[in-house]
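Data block below; observations after.
There are 2 protein chains.
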Amino acid sequence: MGDLLVTLPFGRLASTGMAKADVLTPQATDFPQWYQDILAKAELAEGGPVRGTIVIRPYGYAIWERMQAEIDARIKAAGAQNAYFPLFIPESYFRREAEHVEGFSPELAVVTHGGGKKLEEPIVVRPTSETIIDSFLSKWIQSYRDLPLLLNQWANVVRWELRPRLFLRTTEFLWQEGHTAHATEQDAHEYALRILRHVYEDFMVNVLAIPVVVGRKTDQERFAGATTTWSTEAMMRDGKALQMGTSHELGQGFAKAFDISFLDQTGQKSFVWQTSWGASTRLMGALIMAHGDDAGLRLPPRLAPVQVVVLAVRTEEGAGEAAAQLAASLRGAGIRVELDARTELPFGRRAVGWELKGVPVRLEVGPRDLANGTVVLCRRDDATKTPVRLDEAVNEVGKVLEAAQAALMAEALKMRSERTVEVSSLEEVDEATQSGFAMVPGSLLTSGDGKGEQRLNAAGVSVRALQRPDGSLPSPDEDAAGLVAVVARAY
Amino acid sequence: MGDLLVTLPFGRLASTGMAKADVLTPQATDFPQWYQDILAKAELAEGGPVRGTIVIRPYGYAIWERMQAEIDARIKAAGAQNAYFPLFIPESYFRREAEHVEGFSPELAVVTHGGGKKLEEPIVVRPTSETIIDSFLSKWIQSYRDLPLLLNQWANVVRWELRPRLFLRTTEFLWQEGHTAHATEQDAHEYALRILRHVYEDFMVNVLAIPVVVGRKTDQERFAGATTTWSTEAMMRDGKALQMGTSHELGQGFAKAFDISFLDQTGQKSFVWQTSWGASTRLMGALIMAHGDDAGLRLPPRLAPVQVVVLAVRTEEGAGEAAAQLAASLRGAGIRVELDARTELPFGRRAVGWELKGVPVRLEVGPRDLANGTVVLCRRDDATKTPVRLDEAVNEVGKVLEAAQAALMAEALKMRSERTVEVSSLEEVDEATQSGFAMVPGSLLTSGDGKGEQRLNAAGVSVRALQRPDGSLPSPDEDAAGLVAVVARAY
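Now the structure itself:
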C-alpha cells in the first residue's frame, strides 16, 4: 500500500465517481450546475449535515494542501511566523471594537453549553481572530524592539451562512489569517502591500495562473474594523468576479480597544498600527471556475498534486513495465506522477476520469506505440495529443508542463481582456457586467447625491477594486474621484 | 525581513522572554512548576481566555509543524489520504453508537445559536469525528472495490476539560485523526497495528527519541466505541506515564450504526470493519517532559525546527562575517540554522536563551577563536563545549547532530530501564510507581473479585498497556491473565 505509484490514491476514488454519468452540464448551458457537477464528479467536495458546512474530499484536499504549501512559503518569506490561537472567544471580546462587532454579529455561532452545563458567558466560535490575538499582543508588545510582530495562523473559522455554496460561501471554512503590529502607519501600510503583492498576487498569478485585479476597496466594501482594505479580484469563466485574498490596514482601532502600546526609542508610549490579511478555501472555487471547462478541471501544473498520469493502455507486451518505468523516471525527475495500470477498467473511462480531475499531462503507454518507440502525450489544457519518443518523454513532459502553465495564464488573461470594457456612465454598467468587468470613472460612484455606488449595488453589481488610471495602486486616502472603479457581478 | 538568517524569528521573540528571570524551577524541586516555567520561558504556549484553551506561540508551533510533517509523511506512506470533515456535528449523530455517546457526552461543547437565531437541533463541536465521517463512508462505500478506504484529517477538536493543563489536557487541541474501513476484521486489525508501529512508534522513537511501551489497553481503558485500543506510552522525567498516540479497532459497531456496508466478491452484503487512530498536541507535552532539563528544552535534532544556532560573540574583527558565512554553509548542507548576531545583547543571555529553547547545537564564533581558525561547538544534550576547526565545522555539526539524537534516546531508555521494576503483587505497586513504571502479572488485574484494576485506580495508578511477557503485542482477544500489565501514575 505504501507506494504512490501502486496505490493510485486519487485514481481509485475516481472510479466511484465515474460509475455515474461522466458528462458535466456544459458551462454555456448552466454555469452554476456545471460547478455543482464538477464538485461531485471530480470528487472535490460535498455539503455536510449542518447547513452550510463542507466536506473536502481527498482530491480536493490534496489541491488545498498544495495551495497551503505555496502560500505558507511566501508568508514565511515575508517574515511572519505561524502560531495558533483558540477557536473559542469570549463574546465580550467582540464588543470592544464597534465596527467589528457590527460587521460580524449576524454571522456568529454561539456556544452556550459546555461539559454538560450552561456557561456563564457565551462563547463565540471564531469568525476571524483579531480580537483574541490582539488580547495577547497587548501582553507581548512592550517596546519598539518587539515590533514589527508578524503572526499568521492556519485555521478553521465559522460565519453563519444563509445562502451557502461549496468553497465560495460556507459556514465553516479553512483559511490563513495574518495579524501584525507595527511601530508606524507607514510600516503597516508597506507590510499590507507586501502581503498583497508578494504573497497573494504572486501566488495567484505564478502558481494558480489566474490574473488578478489588484486594488483598494471602497469604504463600503472595507473589512469591518479596517481603515483600508486591499484586494485581489479574479474573473471567472462566466464573467463574474471572485474576491481571492484581502489585506487590511487596521489603523489603531484594535490597538486602542485592546491597549496594544509600546515605548518608542524616545521613551514615549504609542499605540501600534496593525494589519490583517487572509485567503481561504474560496481559492478552490476560484481555481475551478477560472480554468475548468466542459471536460472538467484544468489544473495549472505548478499547483497540480498530480502533474502527470501515466496510463497503461494494456499491460501486455511490455506496456505495463514500460509505463511503470516511465512513471518512475518522471518521479525521479521531481515530477508529481501517478501510474494508472487499472486495465480491468475501460481505457476511455479512465482517460475521461483523469480529464475530469484536470491532471495537466496524460501519457498513454500502449503496445502499438511502444513498438515504434513512442508514447502519446495528451495535454489537458488544449486537448492536443502528440506522439513523443519514449526516451525523450521525461524531457518533453518538463517542457509541456511549463507550456501548459503559461497557456492557462494566457487564456485567462485573454478572456479577461475581452470581457472588460470601459464605460463612462452608470447606465452602461448593467449591460457590460452581464458578461464581465466594467471600468468606471471613480467620480461616478459618488454621483447622484453620492449614491452612485448604491445604485450599482441595487442592480446586483459591486465595486471590486479601485485603481489609478494606469492600473497602479492608489494611496489609502486617495480620493476615489480620480481613480478607476472595476465593477462586476460577484460571487 | 525575508531572510531567515537575518530575521532570527525565534531568537527575537526570545528576547522578550529573557527579560524575565532566566532560571527555571529545578525539576527535582517541583516538576509541575518546572513544566509551567518552561512553557512560559521558552515561549511555547500559554492559556487562552476561555477556560482550558491554549495559545501555541510561534516557537511551540514551529515544533508542532515539524511533528506534523513527520507524522503526515508516515500516514501518507501507509496509504491514507488527507481530507477535511466539518467541525459541527448534529447532536443526534452522537446518539447512534451507545458506548461512544456515553464516553463523550460529559465533554461536549454545544452550539445552540447561529446567525442570531436559536437552532432547531443543537450542534456539537466535534470531540472526534467517527460519527460524521461514518455518515459519509456510508455513501461512498458500496463495493469491495471501494475498500480499504483510508482517510486522515488534521483538525482541532474540543473536549470540555475540568482540570486543564497546557498541551496535556486542553479543551481545544490539535491532532490528526485517521478513520478507515476494511473488508475484513483481519485487514482492520493489521492496519491498526501498521499505524501503531510504522507511524506512531517509528516517529516517536526515531524522530522524538522517546522510547515507548507499545501494548493493548485493558477493557476499561479502551476508547469509547472501540473493541480494541492499542497505545504507545512513554515515561516522563518524573517517572509518570504519558499516552502518546492510540490506534483503535472499532469492529462493526459504527458500521452498523451508520449502515456502512458493501457487496463482496460473491455479491453478499457485509458491514465494514473499521479503525481510528490519533495523535495530538499532547506530543508537545511529552517532548518537553521526556527530554527537558533544568536549563530548558532539549530537542532531538531530527525534530528541531532550529538544529544549529550560529552565535556571533562579537561582530568585530571579521567574526560577524565568519558567523554569517558559517550559517550559510550549514544551510547549504541542508541543516536548519539560525544566525544570532544580536551583539547589542549580552552574550551570556543569548546563550542561555538558546539553551532554554533546546537548540541541539550552538556554534560560538568569536575573534579570539577565529584567530586560531576555530569556533566553539556547544552541545545542548550533554552541555559539552569543544573547539572545532572552522573549515571542518559543517562536517562536524552533521556528526554531532546524529550523536545528539542517539544520546537523547539512550538517556531516555536508560532512565526508563532504571525506573521500571517487576513486581508480583498489587501491594508493591504503590511504591514502585512513585518513581516509574511497574510490570505486574496480568492475572492480578482480575484478582480480588475481579477488582484488581479498580484497586490500582483507587490508588492513583492505571494500567498503561498489556504486553506479552516477551514484550510483543498480544492478540486483540488474548486473556490478560497471561500478559504483563505495565502500570504507572499517568498524565
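Protein chains in written order, with the numbering used here: chain A, 1 to 491; chain B, 1001 to 1491.
Note that the Cβ used here is the ideal one computed from N, Cα and C, for glycine as well.
A quick note: this is a predicted structure, and the numbers were derived from the prediction, not measured.
Can you check whether the C-beta of A1279 (chain B) is within less than 7 Å of a C-beta belonging to chain A?
Taking Cβ atoms only, chain A never reaches closer than 7 Å to A1279 (chain B), which makes this a no.
Sub-7 Å separation of Q1176 (chain B) and W1154 (chain B) beta-carbons:
Yes, the pair counts as a contact, with Cβ atoms nearer than the cut-off.
Name the residues in the segment 168-185 of chain A whose C-beta lies less than 8 Å from a C-beta of chain B; which are they?
The segment 168-185 of chain A vs chain B, Cβ under 8 Å: T171, E172, L174.
Counting Cβ pairs closer than 8 Å, one from the segment 1412-1427 of chain B and one from the segment 1375-1386 of chain B, do we hit at least three?
At 8 Å Cβ cutoff, the stretches do not touch.
Beta-carbon proximity check, A981 (chain B) vs V1272 (chain B), cutoff 7 Å:
Residue 981 (chain B) is absent from the structure shown; chain B starts at 1001 and stops at 1491.
Output yes or no for whether 7 Å exceeds the beta carbon distance between V313 (chain A) and G353 (chain A).
No. Outside cutoff.
Answer with buried or exposed for R1095 (chain B), where buried requires no fewer than 16 other C-beta atoms within 10 angstroms of its C-beta.
R1095 (chain B) should be labelled exposed.
Helix, strand or coil for M1235 (chain B) per DSSP?
In the structure shown, M1235 (chain B) falls within a strand segment according to DSSP collapsed to helix, strand and coil.
Three or more C-beta pairs under 8 Å: does that hold for the segment 53-72 of chain A against the segment 1093-1113 of chain B?
No: the two stretches stay apart, fewer than three of their Cβ pairs being nearer than 8 Å.
What first and last residue would you give for the alpha helix (DSSP H) that runs through S261 (chain A)?
Run containing S261 (chain A): none in the alpha helix (DSSP H); it sits in the beta strand (DSSP E), 261-263.
Just the Cα atoms here: how many angstroms apart are N1372 (chain B) and R331 (chain A)?
Rounded to whole angstroms, N1372 (chain B) and R331 (chain A) show a C-alpha spacing of 47 Å.
For G1115 (chain B), name the three-state secondary structure that DSSP assigns.
Note: G1115 (chain B) maps to coil in three-state DSSP.
To which residues does DSSP link W1277 (chain B) through a beta bridge?
Answer is B:G1178, B:S1247.
Through-space distance from M289 (chain A) to R455 (chain A), alpha-carbon basis
Between the alpha carbons of R455 (chain A) and M289 (chain A) lies a distance of about 28 Å.
If you scan the segment 1333-1398 of chain B from start to end, which runs of the beta strand (DSSP E) of 3 or more residues do you find wholly inside it?
Within the segment 1333-1398 of chain B, the complete beta strand (DSSP E) runs of at least 3 residues fall at 1337-1340, 1361-1365, 1374-1379, 1385-1389.
Can you round the beta-carbon distance between V1050 (chain B) and F88 (chain A) to whole angstroms, since I take them to be within the 8 Å contact cut?
Indeed they touch by this definition, with Cβ atoms about 4 Å apart.
Can the beta-carbon of A480 (chain A) be found closer than 7 Å to that of L444 (chain A)?
In this structure, A480 (chain A) keeps its C-beta atom at 7 Å or more from the C-beta atom of L444 (chain A).
Contact under 7 Å by Cβ, S1231 (chain B) with K1217 (chain B):
The Cβ-Cβ distance between S1231 (chain B) and K1217 (chain B) falls below 7 Å.
Do we get a CB-CB distance below 7 Å when we pair P1090 (chain B) with the residues of chain A?
Yes, P1090 (chain B) counts as interfacial toward chain A.
Might you give, ordered along the chain, the residues of its own chain that have their beta carbon closer than 8 Å to the beta carbon of V429 (chain A), omitting 5 neighbours on each side?
Here the set comprises V423, A438, V440, L456, A459, V461, V487.
I believe S364 (chain A) touches A295 (chain A) by the beta-carbon criterion, under 8 Å. Please report the beta-carbon distance rounded to the nearest angstrom.
Checking the sequence, you will find Glu at residue 364 (chain A) rather than Ser. The beta carbons of E364 (chain A) and A295 (chain A) sit about 16 Å from each other, so the pair does not count as a contact at 8 Å.
When you compare the CB positions of V1359 (chain B) and V1400 (chain B), do they come within less than 7 Å of one another, or not?
Not a contact, by the Cβ cut-off of 7 Å.
Can you name the start and end residues of the beta strand (DSSP E) that P1441 (chain B) belongs to?
Here the beta strand (DSSP E) through P1441 (chain B) covers 1437-1441.
What are the complete beta strand (DSSP E) segments, minimum 3 residues, inside the segment 1430-1487 of chain B?
If one requires a minimum length of 3 residues, the beta strand (DSSP E) runs lying completely within the segment 1430-1487 of chain B are 1437-1441, 1462-1467, in chain order.
So is the beta-carbon of A327 (chain A) under 6 Å away from any non-hydrogen atom of the ligand NAP?
Looking at this structure, you won't find the ligand NAP or any other ligand, since it has none at all.
Let me confirm a value: D259 (chain A) is counted as buried when at least 16 other C-beta atoms fall within 10 Å, else exposed. Which label applies?
D259 (chain A) comes out exposed.
Whose CA, out of A:G398, A:P86, A:G116, lies closest to the CA of L1162 (chain B)?
It is A:G116 whose Cα lies nearest to the Cα of L1162 (chain B).
Are there 16 or more other CB atoms within 10 angstroms of the CB of G1348 (chain B), so buried, or fewer, so exposed?
Its Cβ having fewer than 16 others within 10 Å, G1348 (chain B) is exposed.
Using C-beta distances below 6 Å, list every residue in its chain close to V101 (chain A), excluding the 5 sequence neighbours before and after it, in chain order.
Hits under 6 Å: F94, R95.
Can you name the residues of chain B whose CB is closer than 7 Å to the CB of V309 (chain A)?
Near V309 (chain A) there are no residues of chain B at all, since even the closest Cβ is about 16 Å away, more than 7 Å.
Verify the CB distance criterion: does V111 (chain A) have a CB-CB separation below 7 Å to chain B?
At least one chain B Cβ lies under 7 Å of V111 (chain A).
Starting from P1090 (chain B), trace the alpha helix (DSSP H) both ways and give me its first and last residue.
Note, P1090 (chain B): premise wrong, no alpha helix (DSSP H); beta strand (DSSP E) at 1088-1090.
Could you check if E1130 (chain B) is buried or exposed, using at least 16 other CB atoms within 10 Å of its CB as the buried criterion?
Around the beta carbon of E1130 (chain B), a 10 Å sphere encloses 16 or more other beta carbons of the protein chains shown; the residue is thus reported as buried.
Proximal residues to D1238 (chain B) (C-beta, below 8 Å), its chain only, five neighbours per side dropped:
Only Q1027, F1031, M1289 meet the Cβ criterion.
Name the DSSP bridge partner or partners of A155 (chain A)?
Bridge partners of A155 (chain A): A:W175.
According to DSSP, is W230 (chain A) helix, strand or coil?
Reduced to three states, the DSSP call for W230 (chain A) is strand.
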